[in-house]
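First the structure, in the form of structure tokens, and then the observations on it.
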Amino acid sequence: MKSFENKYLSELAIPHHLITIIRQIGEYKGKQDLYKKQAPEMLENLRHVAIIQSTESSNRLEGITADIQRIKELVEDKTKPANRSEAEIAGYRDVLSTIHSNYEHISFSKSVILQFHRDLMKYSGKEGGRWKSASNEITEILPDGTKRIRFVPVAPHLTADYMKELHDLYDTLEKEGDIDPLILIALYVLDFLCVHPFLDGNGRMARLITVLLLYRYGYEVGRFISIERVIEQTKESYYETLQTSSQGWHEGKHDALPWVEYALSTVLAAYKEFETRFTRISSGRGSKTDIVLNTIDSIIGDFSVSDLQSACPDVSIDMIRHVLKKLKKEEKVISLGQGRAARWRKIK
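Take any residue in the sequence shown, note its place counting from 1, add 1, and you have its number in the numbering used here.
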């Protein structure tokens, strides 16, 4: 909410290079419908991969991990959580699925945020769907083992009021339409993380909210490319810019621009990856080999010939086996068994 106060916004000057990034993102946004019309089947495969990567990366950023094959099975709802980490992962899966499936009908309100948090925590046994009831200072452990406080969020007894004001200001600014939606998203997420409204799950909630708000303004890249994975790949910048932009936040004297630039850059990076993958898919249409190679490249975890047949219905089983044989010779994949039921694994 501090980023949305009139005095702060009136003094926030968006530099030219950020305006350029916003323009570039807008150009990529304009290509979305074309991509969806030209290769819907292959984009469906990208969508499936993105959900798995998003679930894995967003949880791993919080130290929540599981075997990739287990994550894949959890995302595909083929198994139940077997431990606390998998319970956290399953909760993220549910909320992300809700966003992807129903974003057009989801209002952006405090009650929705609470509902998302409830669903995020529902398998873990932790309290969900309520604002925090205790302080939650953000700390880090230094190399010598000592603990340092990086940021002190809003106090528990003020959290409900801060979240109400944050949403009231956001709604007003959205209706006025004077600020670019991408800037609004970045500022909302910054303020959300500074309030830190929940005892647990704030980082994951912030990333889920980012995906929802991008959808809200027509930016669908999160459906096909994992925004969370882009963040994980740049996590040093994520934490550095968040710390920089949160300094002085309580007094409304913070510099939001480092965080805004980082947030915009992640969206642009996701769109660039989307275009790269789409181009590879499109150029591979005339080559059965390229279709198989592109499919293998997009698969997470182990796979079988049957998996490739399902993903490449126009490619013969002989061609699929030929490609696998070539990749094995090049030491890019290994076989984990014999026959048609054998599993294959990519070598990184």
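Glycine included, every Cβ here is placed at the ideal spot set by N, Cα and C.
Cross-strand partners of residue i (DSSP beta bridge)
i: Glu141; result: Arg149
i: Ser305; result: Arg344
Cβ-based burial, residue i [other Cβ within 10 Å; buried from 16]
i: His118; result: buried
i: Tyr255; result: Correcting the residue identity first, residue 255 is His in this sequence and not Tyr. Result: buried.
i: Ala343; result: exposed
i: Asn7; result: exposed
i: Ser108; result: exposed
i: Ile226; result: buried
i: Glu332; result: exposed
i: Leu243; result: buried
i: Asn103; result: exposed
i: Ala187; result: buried
i: Glu221; result: buried
i: Thr267; result: buried
i: Glu87; result: buried
i: Gly223; result: buried
i: Gly287; result: Residue placement at Gly287 is poorly supported in this model, since its pLDDT is 45, which falls under 50; the coordinates are not used for a value here.
i: Ala257; result: buried
i: Arg94; result: buried
i: Gly129; result: buried
i: Tyr120; result: A quick correction: the sequence has Asp, not Tyr, at residue 120. Asp120 should be labelled buried.
i: Thr280; result: exposed
i: Ala271; result: buried
i: Ile318; result: exposed
i: Arg85; result: exposed
i: Pro16; result: exposed
i: Gln12; result: Note on identity: in this sequence residue 12 is Glu, with Gln being the wrong assignment. Burial call: exposed.
i: Pro41; result: exposed
Whole-number beta carbon distance between residue j and residue i, since they are thought to touch under 8 Å
i: Ala264; j: Val316; result: So it is not a contact: roughly 40 Å between Cβ atoms.
i: Trp132; j: Ala161; result: 5 Å
i: Trp260; j: Lys3; result: Going by Cβ atoms, the distance from Trp260 to Lys3 rounds to 12 Å, so no, they are not a contact pair.
i: Lys347; j: Ile297; result: 7 Å
i: Lys111; j: Lys38; result: In fact, because the Cβ distance is near 37 Å, the residues do not count as touching under 8 Å.
i: Asn60; j: Ile90; result: 5 Å
i: Gly253; j: Tyr9; result: 5 Å
i: Glu262; j: Leu19; result: 6 Å
i: Ser134; j: Gly92; result: With 8 Å as the limit, Ser134 and Gly92 do not qualify as a contact, their Cβ atoms being about 20 Å apart.
i: Ile142; j: Lys148; result: 6 Å
i: Val306; j: Ile321; result: 6 Å
Range of the contiguous beta strand (DSSP E) that encloses residue i
i: Ile50; result: As written in the sequence, residue 50 is Val, which differs from the Ile given in the question. Per DSSP, Val50 belongs to no beta strand (DSSP E); it is in the alpha helix (DSSP H), 41 to 61.
Delimiting residues of the alpha helix (DSSP H) encompassing residue i
i: Ser336; result: Per DSSP, Ser336 belongs to no alpha helix (DSSP H); it is in the beta strand (DSSP E), 334 to 336.
i: Asp78; result: Premise fails: Asp78 is in no alpha helix (DSSP H) and is neither H nor E.
i: Thr66; result: Neither: Thr66 is in no alpha helix (DSSP H) and is coded neither H nor E.
i: Ala207; result: 203 to 217
i: Phe117; result: 111 to 122
i: Cys195; result: 182 to 196
i: Phe5; result: Segment: none, Phe5 is in no alpha helix (DSSP H) and carries neither H nor E.
i: His168; result: 157 to 177
i: Lys30; result: 17 to 30
i: His323; result: 318 to 330
i: Lys133; result: First-last for Lys133: undefined, no H or E at that position.
i: Gly92; result: 85 to 103
i: Glu241; result: 236 to 247
Any chain B beta carbon closer than 8 Å to residue i
i: Ala135; result: Absence of chain B from the displayed structure is noted, only one protein chain being present.
Near the ligand FMN: residue i beta-carbon under 7 Å from a heavy atom
i: His255; result: This structure does not include the ligand FMN; it has no bound ligands of any sort.
Sufficient close CB pairs (3 or more, under 8 Å) joining the segment 225 to 243 to the segment 52 to 61: Verdict: yes, contact present.
Validate contact between the segment 172 to 183 and the segment 10 to 28 using beta carbons, cut 8 Å, 3 pairs: Yes: at least three Cβ pairs fall under 8 Å.
Stretch-stretch touch, CB-based, cutoff 8 Å, three pairs: the segment 193 to 201 with the segment 169 to 179: Of all C-beta pairs linking the segment 193 to 201 to the segment 169 to 179, fewer than three are shorter than 8 Å, placing the two stretches out of contact.
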